[in-house]
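Read in the working numbering, the sequence shown has 4 at position 4, and its numbers run on one by one without any break. Beta carbons: idealized from backbone N, C-alpha and C, even for Gly. Predicted model only: the values in this text are computed from it and were never measured. The structure appears below as structure tokens.
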Amino acid sequence: NTKTKEFCQKNGIRFTNTTANTSNQNAIAERKLRALQESAKAMMIESNAPKHLWEEAVRYACFIQNRMPHKALGMKSPVSILREECKVDFDDFELLKKAKTFGCAAYAYVDAKERIKFDDKAKPCIFIGIDGQKRGFRLYNPDLGSIIIRSRVFFLEDHFPLRQTNNIIEQTIQYNFFPLHHQDGEE
1 NTKTKEFCQK NGIRFTNTTA NTSNQNAIAE RKLRALQESA KAMMIESNAP KHLWEEAVRY
61 ACFIQNRMPH KALGMKSPVS ILREECKVDF DDFELLKKAK TFGCAAYAYV DAKERIKFDD
121 KAKPCIFIGI DGQKRGFRLY NPDLGSIIIR SRVFFLEDHF PLRQTNNIIE QTIQYNFFPL
181 HHQDGEE
């Protein structure tokens, strides 16, 4: 990968390879990847998101983790450190305040130019992340199987449309495994 090596040399980054199948040689990166994977997996399980949305879950987990303060960085976030180093002026904290629950119901406003008189003014979608460059919400439209980015969105964070109502865990919780305990002599 010549371009990567050139980029590293130009920016004073020491580029080294590790031996194949020895993740212990790259412990910090492996821990970060595991944290992202575990966060994404938890979000997908909780929302019952289809497996093809795994990339979106990892993207959103990365978005959140990069904006959380870290002890090793003096309780600053990686994004704030990068912003200071690059002398970029943008308020990334505003984006973090827009964070929603992965997989929750979202209704994306349909612009008047995109609809006719009796069409719905909003499309039901699923929240899957935030687009930092476009400053919008990433939404999954299950009817079309597509991802859209919108800024005008209404959320129902306690409603998860992808969850199945006949989920075995929900049935187990609702079923009473422990019958009333009767004291001696009572029935």
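Taking the continuous beta strand (DSSP E) assigned at A105, which residues delimit it?
A105 to Y109
What does the alpha-carbon distance come out to for the pair L156 and A106?
When rounded, the distance between both Cα atoms is 6 angstroms.
Just the C-alpha distance for C62 and L33, rounded to the nearest angstrom, thanks.
9 angstroms
Would L95 and G132 be called neighbours here (beta carbons separated by less than 8 angstroms)?
yes
Three-state secondary structure assigned by DSSP to K10:
Secondary structure of K10 (DSSP, three-state): helix.
Please state the DSSP three-state secondary structure of H159.
coil
Presumed contact (8 angstroms Cβ cut-off) between Y140 and K121, rounded CB distance
Contact flag wrong, Cβ pair sits at about 19 angstroms.
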